[in-house]
Structures are given as C-alpha cells and as structure tokens.
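Here the structure comes first, spelled out in structure tokens, and everything after it is commentary.
2 protein chains.
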Amino acid sequence: MKLESKLSKVSNRIKSSIIRELLKDASLPGIISFGGGVPDPKTFPREKLAEISSEIINKEYAMTLQYGTTEGDPLLKKEYMKLMEKYYGVDWLHEDNMVFTVGSQQALYLIGMTFLDEQSWMSASKPIYLGAASAFIQRGPNFINVPLTEDGMDLDYLEKNLEELKQKGEIENFKFAYVISNFHNPAGVSMSLDKRRKLIQLAEKYDFYIVEDDPYGALRFEGDPIPSIYSMAPERTVLLNTFSKVLSPGLRIGAVMGPKDVIRRITMVKQAADLCSSPLTHRLAARYMEKYDLVEEIQPTIKLYAKKKDWMMEALEETFSDIEGIEWVNPEGGLFTWLTLPEGIDTMDMFPLAKENKVLYIPGEAFYIGEPERNKMRMSFCLPPKEDIFEGIKRLRKTIETYCEEKGIELKIKTKK
Amino acid sequence: MKLESKLSKVSNRIKSSIIRELLKDASLPGIISFGGGVPDPKTFPREKLAEISSEIINKEYAMTLQYGTTEGDPLLKKEYMKLMEKYYGVDWLHEDNMVFTVGSQQALYLIGMTFLDEQSWMSASKPIYLGAASAFIQRGPNFINVPLTEDGMDLDYLEKNLEELKQKGEIENFKFAYVISNFHNPAGVSMSLDKRRKLIQLAEKYDFYIVEDDPYGALRFEGDPIPSIYSMAPERTVLLNTFSKVLSPGLRIGAVMGPKDVIRRITMVKQAADLCSSPLTHRLAARYMEKYDLVEEIQPTIKLYAKKKDWMMEALEETFSDIEGIEWVNPEGGLFTWLTLPEGIDTMDMFPLAKENKVLYIPGEAFYIGEPERNKMRMSFCLPPKEDIFEGIKRLRKTIETYCEEKGIELKIKTKK
C-alpha cells in the first residue's frame, strides 16, 4: 500500500538527521572525526556504575525493574536538588519543580508539544542546535531566528521583532525564547550576564517563557561561571540539564526544572508519550550521586577536554592563521568550536572531499532554520587524541585548498608582518 | 504569568491519567489492589539481570554508556528476530523491519504522530486500552469505536462504518484499525482467527493499516495460540510487543515490527522525540536473550499468573454467582478480567466506598472514548497473593451491597435451582 497517502502532516515534515547520514563512516579505520558531539567513553565511570547497577538490581529490583512514575525517581530528584543547591545556589527547588526526561532531546520535544501550535511564535538563535530545531519544527511554529554574536543572541534584533509582533497583535502567540546559555552548540559562545538580564527584562515586558538549554554548563575550562537565567528568573524559565555530558549519555536522563504548573504540563505530555522512563537508569544515577560528587568526579574529564580544546586552538592557529577570512571561536567550555571559512566555500559541498581526505566535521547548514550560512562548520574536539587533532586539522587545510582550487576560489594568504 | 494562555491545543487536550489518581493509595497497608496491570516484581530474574548489567557496563561501556542509534541495539534486534522465528514462525524479519521504543506506550504515541491528523479516522475497540487512547487522542483524530464481543471486535459494525466513510468520500482518511489481539486490556477477550482474517480482508478492501498491540500474547494460560495478524498480513500490519510483561517493565523496551517504510517513518519521529533509547537497557535485554530463552524463562511466571487467574475466577464464582446481572470474562491469558455489574451501578461513583473497604479496581469509564459503560470494572489478578484475592473479592461484594443499598438499587438474588 502507499504509505505516503496515510502519513500525518507532522510525519511529512520530518527529515532524517543530516548528522546521522554524514557520520555513518565516522568509525571507519583511519577516519579522524570532529563530527559527533559525543563524550569520550573512557571518561565514563564504568567500574563504579557497574558495581551500583548490580547492587540496585539485586536489592532494589521491586523499584528498578518495575514501572516508575512519569516524573521520575524521587531519590534522583533529591540528589539533583542537593547538587543544584551546592553548586548553583538554587535552594528553592521542590520535587514538583522537576521532571526527568529521556535526555534533553525529549525535554525539547515535550516543550514543543506543550507550548507550540502552527499559529505560535518562538525565537531561537541562528545557528540553532539541530536537535532543538527538529523537535520544534514538528509543531510547525513561526520562528524568529536571532543572529548569534560573541556574547550570545543579538537581543536588539529580538526586541525589534517582538515589538513588530506586538504591533501586529500577535504577541500572545509568542511562547518562548530558546537559548543555549553556555558554550553554544554549534557556535561555542556563551551568553553574557548582561544579556541574560536583558533577556529576562524582555520576557517580562512581552510576557513569554525562556527555555534555557544548558547541557554543557558544567564543562567549563576557563573564565568565571555565569549565573543561569533560571536562577535569576525561576518563575518564567524552564532549565534543561542532562546527565549525558557529565555522567553518561547511555543512561538517557535529562533533568528539567521550572515553574510547577509548567512541569506538571510537561509531565502530562510525557505520560502519553512513554508512560515513564527507565527507573533502572534513574536509580543508577541517583545512587551514583549519593556515593560520589558528580561535579568533583567530572573534573578529570573537564581537564581532558580543556587540553583537547587547547590543542585544537593550537592546531587551528598553526594551520590557518596565514589565511584571510578564516575565523574560529575559542570556547570557554563545552565540546565545540565553530569555524567560519572565507566566503564562497560551501562546507556541505566540500564534505565529500573532506571524507576522501579522512577528516569529518558537521557542515554549518545543518544548524539553520531557513537560509543557512554555508561557509561555517562545527568541530568537536572531545573525542580525538592529540595527534589526531593536529593531523585532522592538517587534512582540513588540504581539503580546503583542494576545494578552493577546484572551485576557482582564491584563498588570500596574509602578508607576514 | 498565565500558563494557560501559552499552552498548545494538544496540551490542553491532555488529561492526567485517571488510573494514576485512583491508584495513589494502592500501596498503603491493608489495601488489596486489583487496579494496576503491573507484573509481580518477584517474577523478575533479578540475579541474572544484575550479573549481566555489571558485565555489560564493565566490558561494553563504549556502547552501553554511550549514545545509541534511534532504531536500537542491533544485537537486540538479532536476538528478537531469532525469537520471532522460533516461537511465531516469523522468519522474514530484516533489521529494517524493527525499531525498539520506550515500552509500547512510545510505540503507540509515535504511530499516532506518524499517521494521524485532526482530519484522520481510525478505529479502536470499545472499551479501549487507556494508554492507547491517551496517545491517539493527542492527535485529535476521529474514532470509530467498535464494540467488543467475546471473540474480539464486532467487525460488522466496523465494516458498516467504513462503508459509510467510503460513501462520504473520506475513506482515504481512515489510517488504521487499532487492535489488542490477545487478552484485551481491559476486556480480557482475544480476537478469534476468523475475525483476524476478516479484519485483514477489510484492511485490503478499504486500504488501511492494522496496528496490532500484543503485550500479553506470551502470557497464555490455556487454549491454543492464534497466529498474529502480523504473521498473516506483514505488509499492512504494525505489530507491537513489549518486554514489560515477559522480562521487566523497568527496562522500558517495546519492540515494533512492520513494513520497512513504516518502520523508517516511526524511527524518524522517534529521533525527534528522544534521539535514542538507553543502549544499556537494550544490551541488558539482548545479552539476557542470548544466554536464556525468554519464553522458557517466563513459564514459571505464566503458571503463577494462571493460578492467580483461577483463584480469582473461583472467588468470583463463590462470591457473585448468586447475584443476577453480574458477569465476568474468564481470560485465557494476560493480566485482566472485566466485570459487568447490574445496570445502575456506577463503578467510578462506587470507587470511594471500595477504597474505604480497602479494595481497589479500575472503574470502566477509564477505558472509553466518548460515552462510557459505567457498570464495568477492570480487575487485575497478577499481583495479590491467593488469600488477598479471595478477601478482596469479599470486600468487593460488601462494597457493592452497601453501594446498592445507599443508592436504592435492588440486587436481584438468583433463586437456587
């Protein structure tokens, strides 16, 4: 039978992930991949988790192997509240302020379901995190795509657009601003304290929610931590954290914090979506947090990523500083840097050549709603070892040179001072 | 701020689960609950799972603690295909015919997302499984609610309604028939082989899919297994199985099988919904299936449930056979029986009284889209021990008597033969 004639509108709207297609060959021998944003498996505390898992299945089987509640393990909530208080000064959390999701991806999806219709408006940065885009696009809302600068979104641009919506009488349909506050994926930048405050003012003025996605905040290499938007405006912010970058992505646990009424609605949507998450993975994380300090335990990993980031900056500097029009972000944390290549280079078009040269990245166009900036690329430094980082960047130089030659694009070499 | 003004249509459509509310007190001391349909935790193979979990975290951490693919663990697919071939004669499965979901609930939800819009039609039994109703209702489709008889849905009723849709030129909007083929939740009945064949004929005639939900099929106590609809019409059936009833609900694994193009679409929706499920729980189930025969291992549990079912039938017979107008289903497997009480008794209205008498059930009205039959109730026999089953049914009799007295409903006592 013809499936197409039976599909829903939503289903017709969904595209398969570009990244998934692009990274199919990421694990082939000889390939150096800056593509995926996945943690280094060697950083996972496997022995500790193995021991706990065996214990909680043997002794707590009536909970860990049974159905759980939709909102998640109460013990995990308790431990997470302690962490939020100890490290982030958030001491007002009640268990009704929290729900655990299947990674942050499910949180984004449920938030889309909770707030968005085809008549709705929301804002997101340009570029936008791919997973967020795919979750929100399903709902078919209208987007204000706000350009990203060094210290976060261009809030003047956002305000101008909000004001226009207000003039058109559509401002009630503006549901939320979606923000990655620290070490943006893909762009590497963080939102400054000033801009966080200004965004809260805008949210108050135009009455909308802020969805603060913060998967990487704990992975800070340098510079001072900036208070979360949530900590400054808990009554209108939904904060998304995840265990994927600080413990293990395989547990599939995202932590969502926000106003009780919002959390309740998100929980109700989750109940219809999957009834509950695995109590086994919840309790595994909870007992781990009980025994070990999550933030202390992750320090060696942060040091490792910080070194890798430095190597990548060093390699980029060594390899590309002589070419005009190549820029990259030096992130203070997280997993990504964001490269801008000279105008005319299309990183998607160049991708097959890079693959031939055995180096992978994510072409910028994966991260846009609407018209992409084609001369950008996302590079993750967290997985490859030191020598691969330097070698990979060399291969990238070769790729760019060959591509430009083939396309007749002139690479301008800087005159030495 | 006012959340209500910011909610999506979908979110406004979602009600919190009645069962969840009703069963809040299910674990209080002294309460005998026939409410939840959850397996007995003592039946979970905890020692085996504990051992495997520790092994797969220690040795396979690069897979089990990392992100996985959206469609799920390839090893679990391999093992599941073997099981389908060995026990169900389904020997044509390719890995592209399968995707694993977060329990069957996520499968139902993703199927709703994949096929249904507000213009769509689907059919479901009346009564309908609550979780399916909540997943499908989110999409706002039109329902044909097909009355359930002893041997499954009334297919004449379905055909009549399909023909009407055809006459109205709306038959292309009819997406699928949703069926629980074995030991229906809540009604306990199974669809006969004749009706399965007839349903397939209707699907061919009117060109729609069949969504065959079979969480309980493996839990057969008596009678001969009936071939699945999927095994007879794999090109237009999507089959939903789950590990929740045969291994552990806490793993949150549902297995969806169907035509490759449908599976691909469901997988794409899942990717936006949660990226991937936990590879840890997938690999845990896979290694378990590799070491042990899932169907053999579950036999003691089936024997246990069969005994409990017999006790419940015995208790019902002893306690209610003298009252006219009380009927119950004697299921050949699964977890539930379905009681019909004399007209005039409203099982939801009676619920607080039952709670006072320390016995819980699920009022029938939880299982209807549209006008419910209020004199029905679902009773699960799988959790309480023998003495509680007998005592619980006695309390139910007392509850019914008191309720009828209070409401002035006359219970007709049969004259002894």
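Chains A and B, in that order, give the protein sequences. Sequential numbering of the first sequence, starting at 1, is according to my numbering. Sequential numbering of the second sequence, starting at 1001, is according to my numbering. Glycine residues also receive a C-beta, built at the ideal position from the N, C-alpha and C atoms.
The way I'd put it, the region 1269-1278 of chain B does touch the region 89-104 of chain A; three or more beta-carbon pairs between them come closer than 8 Å. If you check each beta-carbon in the region 64-98 of chain A against every beta-carbon of chain B, the ones closer than 9 Å belong to Thr64, Leu65, Gln66, Tyr67, Gly68, Thr69, Thr70. Between alanine 218 of chain A and the set A:Ile302, A:Gly250, A:Asp151, the nearest pair of CA atoms involves A:Ile302.
A contact is defined here as three or more CB-CB pairs under 8 Å, and the region 1312-1325 of chain B fails this definition with respect to the region 1057-1070 of chain B. With at least 16 other beta carbons inside 10 angstroms of its own, tryptophan 338 of chain A counts as buried. With respect to the C-alpha of glutamine 299 of chain A, the residue from A:Phe44, A:Met122, A:Tyr361, A:Ser16 having the closest C-alpha is A:Phe44. Along the region 1259-1271 of chain B, the positions whose C-beta sits under 7 Å from a C-beta of chain A are Asp1261, Val1262, Arg1265, Met1268, Val1269, Gln1271, read in chain order. DSSP places threonine 1399 of chain B within a helical segment (H, G or I) once states are collapsed to three. With its beta carbon less than 9 Å from one in chain B, proline 41 of chain A belongs to the interface. For glutamate 170 of chain A, the closest alpha carbon among the candidates A:Arg197, A:Pro141, A:Leu75 is that of A:Pro141. Contacts between lysine 195 of chain A and chain B, judged by CB atoms closer than 8 Å, are missing: the closest CB pair is about 21 Å apart. A direct Cα-Cα distance of roughly 28 Å separates proline 352 of chain A from asparagine 12 of chain A. With a threshold of 16 other beta carbon atoms within 10 Å, leucine 1028 of chain B falls short and is exposed. The C-beta distance from serine 1123 of chain B to leucine 1158 of chain B rounds to 6 Å, short enough to fall under 8 Å. Residue burial annotation: glycine 408 of chain A is exposed, with fewer than 16 other C-beta atoms found within 10 angstroms of its C-beta. Within the region 265-341 of chain A, the runs of beta strand (DSSP E) at least 3 residues long that lie entirely inside it are, in chain order, 336-340. Shown here, arginine 1220 of chain B sits in a strand according to DSSP, grouped into three states. Using beta-carbon distances, alanine 135 of chain A counts as an interface residue toward chain B, with a partner under 9 Å.
For aspartate 1154 of chain B, there is no enclosing beta strand (DSSP E), as DSSP marks it with neither H nor E.
When Cβ-Cβ separations below 9 Å define contact, arginine 1397 of chain B makes no contact with chain A. Scanning its chain for C-beta atoms nearer than 7 Å, with the 5 sequence neighbours on each side dropped, one finds around lysine 358 of chain A the residues Gly30, Ile31, Ile32, Arg395, in chain order. When 9 Å is used as the limit between beta carbons, phenylalanine 1115 of chain B is near these residues of chain A: Lys6, Leu7, Ser8, Ser11, in chain order. Here DSSP, grouped into helix, strand and coil, assigns arginine 1046 of chain B to helix.
Judged by DSSP in its simplified three-state form, methionine 1122 of chain B adopts strand. A buried status is given to aspartate 73 of chain A, since no fewer than 16 other beta-carbon atoms sit within 10 Å of its beta-carbon. In the same chain as alanine 1135 of chain B, and ignoring 5 residues on each side of it, the C-beta atoms closer than 6 Å to its own belong to Leu1108, Tyr1109, Gly1112, in chain order.
Taking a beta-carbon distance threshold of 9 Å, valine 1179 of chain B does not count as an interface residue toward chain A.
Cβ-Cβ separation between asparagine 97 of chain A and isoleucine 263 of chain A: approximately 6 Å, consistent with a contact (criterion under 8 Å). Only exposed fits threonine 1415 of chain B, as fewer than 16 other CB atoms lie within 10 angstroms of its CB. Interface annotation, glutamate 1172 of chain B: in contact with chain A, CB-CB separation under 9 Å. The C-alpha of serine 8 of chain A is placed about 13 Å away from the C-alpha of lysine 2 of chain A.
Counting along the chain, the unbroken alpha helix (DSSP H) around glycine 131 of chain A starts and ends at 130-137. Using a CB distance cut-off of 9 Å, cysteine 1276 of chain B counts as an interface residue toward chain A. Residue nearest to glycine 1036 of chain B within the set B:Arg1378, B:Glu1401, B:Tyr1403 is B:Arg1378 (criterion: CA-CA distance). The three-state secondary structure of methionine 1 of chain A, taken from DSSP, is coil. Within chain B, the residues whose beta carbon sits less than 7 Å from that of lysine 175 of chain A are Lys1006, listed in sequence order.
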